[in-house]
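The next block holds one structure in the form of structure tokens; read it before the comments.
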Amino acid sequence: MSAPFNLERRGYVNAALLAAAGVAPAAHARGIPLKLCHSSSPSDSRHLASELFARKVAQYTEGRYRVLVFHSAQLGADVANVAQVVSGDLDFTVSAPGNFASLVPTLNLTLLPYLVSGYEHGWRLYDESPWIARQFAELPAKGIRNLAVWEAGFRSFSTKAPLVTPADAKGKKIRIYANEMLGWIMQSLGYEPVVMPLNDVYVAIKQGRVEGQENPIDTIQASRFFEVSPNITLTQHVYSPLQFVGSEKLWQRLSVNDREAMVRAAREAAVFSREFVRQSELRQLDEMRAKGALVTTPNVALFRAATEPVYERARQKYGADVDAVVADAKRLSVGARP
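Next up, the structure:
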């Protein structure tokens, strides 16, 4: 279990953002214990938002529940956590939508390349898209209830050698998490995708088993991947928010008031998560540059063109759902800022 810590003193977020989020030092709490596990490190936005959620649950349930937060896959990696939430052995987890595609396969389509153009566009898509709402509505029957959508950012690469064009990827091994769409994207760029848990990636890159990995900037910095794969290429090929979910078995045991408290806490943590990630990205890139990382913005049009065949491959498997999510993404991009 993670120990309480002062987020501001550690430099993870400024005082104004902490005050707005209502983050305060953790107090000793009594109440029914609930377990939340995720795969990120203690400095990652996923963990900071999880700590905030725990505090808010204690506050809004008047101490009836206390959430114990386990970071760094202490109770299992993402796929295992999803299965544990389904079985009721774990109460909450927070993970990328692609990790729930084993339950609702069409969630793979949220990883279509270059579907989202900026943060506010992504927020509108996940908050307002009827298509996404329908996919989330299928989860309770599978044992999981979506409570909120948190933020991680746009996925980019960190590699040992420079990645200037897709030609630089040809024949090289790249780490991904277990997701069909992500594998298709890597193959379209010329990479050979290798599936492995997040906590194994640093050593795998260091040993040369893979050329690098792709993740949001927040994760690249928090997991220190830039130390072993210092070429950070801002392809932003996939928008990668996080689904914060609870066990349906837990949900059915909760009173109406406690359900409302859990959703309120999850959504307030989502506001914090979104603003933290958006506000922190430039600072995190500067910090990695100062430690030797080479950050470049490529000709994104080349990567966009290389990944375009993924859409046709997706249509062959998922049919009209592809056009439905694309239509929602286009409609909800109007007026959205980066």
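Just so you know, the sequence shown maps onto residues 3 to 340 in the working numbering. All residues carry an ideal CB built from backbone N, CA and C; glycine is no exception.
Cα-Cα, which of the options is closest to residue i?
{"i": "residue 282", "options": "305, 269, 222 and 53", "result": "222"}
{"i": "residue 306", "options": "108, 77, 98 and 237", "result": "237"}
{"i": "residue 217", "options": "198, 232, 166 and 242", "result": "242"}
{"i": "residue 194", "options": "183, 177, 207 and 202", "result": "177"}
{"i": "residue 79", "options": "118, 179 and 123", "result": "179"}
{"i": "residue 109", "options": "140, 94, 120 and 118", "result": "140"}
{"i": "residue 300", "options": "167, 46, 53 and 32", "result": "167"}
{"i": "residue 81", "options": "198, 315, 115 and 173", "result": "198"}
{"i": "residue 52", "options": "278, 328, 336 and 290", "result": "278"}
{"i": "residue 158", "options": "174, 239 and 205", "result": "239"}
{"i": "residue 205", "options": "230, 181, 219 and 183", "result": "230"}
{"i": "residue 203", "options": "303, 183, 220 and 227", "result": "227"}
{"i": "residue 358", "options": "142, 250, 201 and 107", "result": "Lying outside 3 to 340, the shown extent of the chain, residue 358 is not represented and no answer is given."}
{"i": "residue 293", "options": "233, 259, 263 and 114", "result": "233"}
{"i": "residue 334", "options": "124, 319 and 54", "result": "124"}
{"i": "residue 219", "options": "290, 138 and 250", "result": "290"}
{"i": "residue 33", "options": "70, 54 and 42", "result": "70"}
{"i": "residue 133", "options": "145, 116, 112 and 284", "result": "112"}
{"i": "residue 154", "options": "280, 325, 102 and 101", "result": "280"}
{"i": "residue 171", "options": "329, 235 and 181", "result": "235"}
{"i": "residue 250", "options": "315, 91, 129 and 131", "result": "91"}
{"i": "residue 302", "options": "43, 72, 37 and 116", "result": "116"}
Once DSSP output is grouped into helix, strand and coil, what is the label at residue i?
{"i": "residue 177", "result": "strand"}
{"i": "residue 194", "result": "strand"}
{"i": "residue 2", "result": "Outside the modelled stretch of the chain, which goes from 3 to 340, sits residue 2, for which no answer is possible."}
{"i": "residue 317", "result": "helix"}
{"i": "residue 128", "result": "helix"}
{"i": "residue 108", "result": "helix"}
{"i": "residue 204", "result": "helix"}
{"i": "residue 68", "result": "strand"}
{"i": "residue 226", "result": "coil"}
{"i": "residue 221", "result": "helix"}
{"i": "residue 96", "result": "strand"}
{"i": "residue 48", "result": "helix"}
{"i": "residue 1", "result": "The first residue shown for the chain is 3 and the last is 340, placing residue 1 beyond what the model contains."}
{"i": "residue 185", "result": "helix"}
{"i": "residue 140", "result": "coil"}
{"i": "residue 103", "result": "coil"}
{"i": "residue 168", "result": "helix"}
{"i": "residue 121", "result": "helix"}
{"i": "residue 114", "result": "coil"}
{"i": "residue 10", "result": "Note on residue 10: pLDDT 38, under 50, position unreliable in the model; the coordinate value appears next. Three-state DSSP puts residue 10 in coil, outside helix and strand."}
Which residues bound the alpha helix (DSSP H) around residue i?
{"i": "residue 284", "result": "258–292"}
{"i": "residue 37", "result": "It is not in any alpha helix (DSSP H) - residue 37 instead sits in the beta strand (DSSP E) that spans 34–39."}
{"i": "residue 334", "result": "322–334"}
{"i": "residue 309", "result": "302–309"}
{"i": "residue 244", "result": "Per DSSP, residue 244 belongs to no alpha helix (DSSP H); it is in the beta strand (DSSP E), 244–249."}
Determine the direct distance from the alpha carbon of residue j to that of residue i, and round the result to whole angstroms.
{"i": "residue 30", "j": "residue 93", "result": "Any reading at residue 30 must be qualified, since the residue scores a pLDDT of 42, below 50, and its modelled position is unreliable; the value itself is stated next. Rounded to the nearest angstrom, the two C-alpha atoms are 20 Å apart."}
{"i": "residue 331", "j": "residue 40", "result": "28 Å"}
{"i": "residue 185", "j": "residue 56", "result": "34 Å"}
{"i": "residue 286", "j": "residue 96", "result": "22 Å"}
{"i": "residue 255", "j": "residue 304", "result": "51 Å"}
{"i": "residue 77", "j": "residue 225", "result": "18 Å"}
{"i": "residue 321", "j": "residue 35", "result": "43 Å"}
{"i": "residue 98", "j": "residue 244", "result": "4 Å"}
{"i": "residue 126", "j": "residue 296", "result": "32 Å"}
{"i": "residue 327", "j": "residue 142", "result": "21 Å"}
{"i": "residue 136", "j": "residue 175", "result": "35 Å"}
{"i": "residue 183", "j": "residue 173", "result": "19 Å"}
{"i": "residue 106", "j": "residue 264", "result": "23 Å"}
{"i": "residue 138", "j": "residue 247", "result": "10 Å"}
{"i": "residue 100", "j": "residue 181", "result": "6 Å"}
{"i": "residue 104", "j": "residue 209", "result": "31 Å"}
Any heavy atom of the ligand GDP closer than 6 Å to the CB of residue i?
{"i": "residue 237", "result": "The ligand GDP is absent from the structure shown, which contains no ligand whatsoever."}
In the DSSP assignment, the beta strand (DSSP E) including residue i goes from what residue to what residue?
{"i": "residue 150", "result": "146–152"}
{"i": "residue 217", "result": "214–218"}
{"i": "residue 241", "result": "233–241"}
{"i": "residue 297", "result": "296–298"}
{"i": "residue 89", "result": "No beta strand (DSSP E) holds residue 89; the alpha helix (DSSP H) holding it covers 80–89."}
{"i": "residue 74", "result": "No beta strand (DSSP E) holds residue 74; DSSP gives it neither H nor E."}
{"i": "residue 161", "result": "156–161"}
Item checked: Touching by the beta-carbon criterion (3+ pairs, under 8 Å), the region 266–274 and the region 132–151 -> yes
Notebook entry, point to check: Would you say the region 52–68 touches the region 82–91, given that touching needs at least three Cβ pairs under 8 Å?
Noted result: no
Notebook entry, point to check: Counting pairs of Cβ atoms below 8 Å between the region 63–71 and the region 118–125, do you hit three or more?
Noted result: no
Item checked: contact_flag[the region 161–169, the region 205–213] where n(CB pairs < 8 Å) is 3 or more -> yes
Next item on the list: Report yes or no: do the region 45–54 and the region 271–290 share at least 3 C-beta pairs separated by less than 8 Å?
Entry: yes
Item checked: the region 183–194 in contact with the region 309–329 per 3-pair CB rule at 8 Å -> yes
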